[in-house]
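Protein chains in written order, with the working numbering: chain A, 1 to 391; chain B, 1 to 391.
One structure below.
There are 2 protein chains.
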Amino acid sequence: MTDAYVVGAGQSDYGAFPDESYRSLFATAYEDALDSVPDGMDPDRIDEAVVGTLGVGGRQLGLPGPAVTEHVGLHGVPTTRVENACAASGYAVRQAVQAVKSGMADVVLAGGVEVMNDASGDAVRYWLGVSGETEWERLSGTTFSGVYAQMASAHMREYGTTVEQLSHAAVKSHENGAKNPHAQLGFECTLEDAVNAPTVADPLTLYHCCPTSDGAAAVLVVSEDVVEEFTDDPIRVAGVGASSDRVGLFQRETYTNVPASRRAGEGAYEMAGMSADDVDFAEVHDCFSIAELAAYEDLGFCEQGKAGEFVESGATRLDGDLPVNTSGGLKSKGHPIGATGAGQVVEVFEQLSGHAGERQLNDPRVGLTHNVGGSGGAAVVHLFEREEVAR
Amino acid sequence: MTDAYVVGAGQSDYGAFPDESYRSLFATAYEDALDSVPDGMDPDRIDEAVVGTLGVGGRQLGLPGPAVTEHVGLHGVPTTRVENACAASGYAVRQAVQAVKSGMADVVLAGGVEVMNDASGDAVRYWLGVSGETEWERLSGTTFSGVYAQMASAHMREYGTTVEQLSHAAVKSHENGAKNPHAQLGFECTLEDAVNAPTVADPLTLYHCCPTSDGAAAVLVVSEDVVEEFTDDPIRVAGVGASSDRVGLFQRETYTNVPASRRAGEGAYEMAGMSADDVDFAEVHDCFSIAELAAYEDLGFCEQGKAGEFVESGATRLDGDLPVNTSGGLKSKGHPIGATGAGQVVEVFEQLSGHAGERQLNDPRVGLTHNVGGSGGAAVVHLFEREEVAR
């Protein structure tokens, strides 16, 4: 089958932007993506668009996809809205890859957008809550912080993971986010800040939870037939894996980890002919710090149960053996639900093409993105490889 | 690229089912689809699922895809929810075709579901309204009936189309729906009934408007590599076309027709190497009778402006030259938003495999489905062909 490549990726700032609309945020990301294509791209080349969003905060629940593509002048281009809660645009990127590999499109725009910061906190809670399992979790009052706190408690009990270790993940991500001009919480924090912050859902403190964000991200995926028109430095989509699971945590086989992430990772590694050893850096779904630790294990970055020690060792810091969330992650960069998955690809694109500024890693070749919907009802993993090109 | 085939398709009844949930309706459609596979299908063969829904009436706004696939025992299978308002599952089928053609899946479940009949009429209006253009149409009080009434008025003014001609479409569809055991409004009506019914939005009467429906539909799409395991009578997806447009009618180039439908049809014909002359029968998106007439023109079934005469001639009746909406269409069969597109494929599958009961056409070979989101912000067209197989 045809290989798929990422030739451009861009994003808006993440944060709270009461003067922006979901359309203006998407337009910013889209223009940024077009501008990032090394040899340029005419918008007329876009054959298809895939837009991930949870529901743009209720502003346009039906047809939000065409609503954003028309705003950037792409009306007429087949546009599909996909949603898998917080993994919406990870799945949008996956669908773009399928569209290219199917031979039905040569150039696909995959992006995502969310506007969460309403004046009303109730609206925020509602729009987060609707991705939880409705019958047994949401309607009984369980929040996402609560579900992830249960995962953290289980991980601590089973493996001896500590609040300090969770906090190391937060400190590391804020360190990176402070170097990212797009980050919502672009400041550093200390281990003491994280440990001693107010409790959100025991054992998770404020610093173990990502913020509520507005933002957008966009990625341009093309086929191998046309990739040379756009760049001399192709970044290949080497592997894609996805899996679903029971939407409610209480029905899953384990509380400590995310089985859908494990299966998605295995699928991506198998398709790419790679293993975790091949990964130079990763963007993982750290909506809560426990999610980052679970991802280390689910994706094979460390042994099962050893994620606490792994993060404490500094292995996932910018100068470690396997930097994770170099962008700052959901924790520091922010988490505009529908934009997050595509936003992870923006970081991988920038790192692999050498444009990550102060966060730039030393000659990375393989980057992984890991995007989770809900508390693990959906997960999608991509592997991207910078190709050696004979010139 | 690999060809894609439909080997099974099923649906629930369409109607108002206060004792059913969106999950139970989807399960009915899924089991019906499995049962329809001529040589049987083990659910373990399903590699991927794509679920179309507008939002299952608010019951599960995030992750409704995994919520229905887990309910039928498919947790673990990659599941994507897609949405393009009333075209949600038409796009789900399209995505299934891309997944198969991409080589990333051999067997894909594509379906859709909606539960619209709440106790509260406000909820129904809300869930329909959210697919309209928000800023200029919905918030100013415009309903879908109103938008389509504007299209009808424009068509009448421009081409002399009459209320009687609109009514002929309704009479024809009710004639067919009366032969469909799954239909919500499975009764016949007369021209006088349709013309003289109460006005909903002038010039549209009650009989020019589809009902509010609960229901689900499911389709099984497979690759040519495995199709022979499931059937000796393969139905090939010969063509797929899709297009978007400005979400608001007032911003489009015409009020009389649906440009996205026209582009989607052209795309499907081009991919299939066919024209409208090759189509033996069609399921078109008749949310309002004017939409059916516009579709005749947009899909090339008759000349521009001649749809009124075309329907009046009886050409699209069950015994006409080009039967349209043999299922009863949205008008009589019903319109459970997210299920409608996949439900159209169910009718085509049943007709092409000779299982359409009292509605059975005489040896049809090529069927077309046409599914529209909103008032034309999205459209998708599929062409299905029963293959001649040497045995």
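Where a beta carbon is used, it is the ideal one built from N, C-alpha and C, also for glycine.
For residue i, which beta-bridge partners are listed by DSSP?
i, result
"Glu48/B", "Val108/B"
"Glu114/B", "Gly215/B"
"His382/A", "Val240/A and Thr369/A"
"Asn84/A", "Cys86/A"
"Ile235/A", "Val6/A and Arg386/A"
"Ala16/B", "DSSP lists no partner for Ala16/B."
"Thr199/A", "Thr205/A"
Quick one, which of the options has its alpha-carbon nearest residue i's?
i, options, result
"Leu54/B", "Gly132/B, Thr28/B, Val107/B and Gly239/B", "Gly132/B"
"Arg94/B", "Lys331/B, Gln344/B, Glu175/B and Gln360/B", "Gln344/B"
"Pro211/B", "Ala197/B, Val200/B, Gln184/B and Val237/B", "Gln184/B"
"Pro234/B", "Glu350/B, Gly267/B, Leu318/B and Tyr126/B", "Glu350/B"
"His335/A", "Asp363/A, Ala282/A, Arg125/A and Ser213/A", "Ser213/A"
"Ser341/B", "Arg23/B, Gly52/B and Ala33/B", "The sequence given here has Gly at residue 341/B, not Ser. Selected option, being the one with the closest Cα: Gly52/B."
"Val97/A", "Thr143/A, Ala282/A, Ala268/A and Lys333/A", "Ala268/A"
"Ala16/B", "Ser145/B, His182/B, Thr79/B and Gly40/B", "His182/B"
"Glu114/B", "Ala152/B, Gly57/B, Leu299/B and Glu309/B", "Gly57/B"
"Gly357/B", "Ser153/B, Leu318/B, Gly129/B and Ala27/B", "Leu318/B"
"Gly177/B", "Gly10/B, Ala4/B and Tyr14/B", "Tyr14/B"
"Glu164/B", "Thr80/B, Asn257/B and Asn196/B", "Asn196/B"
"Cys209/A", "Thr80/A, Ser289/A and Ser327/A", "Ser289/A"
Only counting the same chain, and skipping five residues up and downstream in sequence, which positions put a Cβ closer than 6 Å to that of residue i?
i, result
"Val7/B", "Val37, Leu220, Val222, Phe230 and Thr231"
"Gly305/A", "Tyr159"
"Leu249/A", "Val147 and Ser375"
"Arg23/A", "Val68 and His71"
"Thr246/B", "Strictly speaking, residue 246/B in this sequence is Arg, with Thr absent from that position. Around Arg246/B: Arg252."
"Pro43/B", "none"
"Leu34/B", "Met41"
My output table needs one value for residue i: the three-state DSSP class, helix, strand or coil.
i, result
"Ser213/A", "coil"
"Phe144/A", "helix"
"Ala390/A", "Because Ala390/A sits at a pLDDT of 48, beneath the cut-off of 50, its placement in the model cannot be relied upon, and the point is left open."
"Glu137/B", "coil"
"Val130/B", "coil"
"Phe310/B", "helix"
"Arg252/A", "coil"
"Thr53/B", "coil"
"Glu192/B", "helix"
"Glu283/A", "strand"
"Gln11/B", "strand"
"Val324/B", "strand"
"Ala27/B", "helix"
"Ser223/B", "strand"
"Gly377/A", "coil"
"Leu204/A", "strand"
"Phe230/A", "coil"
"Thr79/B", "strand"
"Phe288/A", "strand"
"Pro364/A", "coil"
"Phe187/B", "coil"
"His174/B", "helix"
"Glu303/B", "coil"
"Gly329/B", "helix"
"Met41/B", "coil"
Using 8 Å for Cβ pairs, my map puts residue i next to residue j. What's the rounded Cβ distance?
i, j, result
"Asn325/A", "Ser173/A", "5 Å"
"Ser244/B", "Pro64/A", "At roughly 12 Å, the Cβ-Cβ gap does not stay under 8 Å, so Ser244/B and Pro64/A are not in contact."
"Ser261/A", "Ala379/A", "4 Å"
"Leu206/B", "Ser145/B", "Incorrect: roughly 10 Å between the Cβ atoms, too far for contact."
"Ser21/A", "Ala216/A", "About 10 Å; that fails the 8 Å criterion."
"Gly265/A", "Leu299/A", "4 Å"
"Phe310/A", "Ala276/A", "Going by Cβ atoms, the distance from Phe310/A to Ala276/A rounds to 12 Å, so no, they are not a contact pair."
"Ala218/B", "Tyr30/B", "5 Å"
Quick one: residues in its chain with C-beta nearer than 8 Å to the C-beta of residue i, no 5 flanking neighbours on either side, listed in chain order?
i, result
"Ala390/B", "Model confidence at Ala390/B stands at a pLDDT of 48, short of 50, so the residue's coordinates are unreliable; what they give is reported in the following sentence. Closer than 8 Å at the Cβ level, and outside the excluded window around Ala390/B, lies no residue."
"Phe384/A", "Val6, Ile235, Arg236, Val237, Ala238, Val345, Val348, Phe349, Leu352, Val366, Gly367, Leu368 and Thr369"
"Thr2/A", "Val100, Lys101, Gly103, Ser223, Glu224 and Asp225"
Enumerate in chain order the residues of its own chain whose CB-to-CB distance from residue i is below 7 Å, with the five nearest sequence positions on each side excluded.
i, result
"Glu48/B", "Val77, Pro78, Ala99, Ala105 and Val108"
"Gln150/A", "Leu249 and Tyr255"
"Gly314/B", "Gly320"
"Met271/B", "Gly239, Val240 and Gly241"
"Ser257/B", "It is Asn, not Ser, that sits at residue 257/B in the sequence shown. So the list reads Ala294, Glu297 and Asp298, once near-sequence residues are dropped."
Closer than 7 Å: is that where the CB of residue i sits relative to any heavy atom of the ligand GTP?
i, result
"Val107/B", "By its list of ligands, the structure shown contains no ligand whatsoever, and the ligand GTP lies outside what it can speak to."
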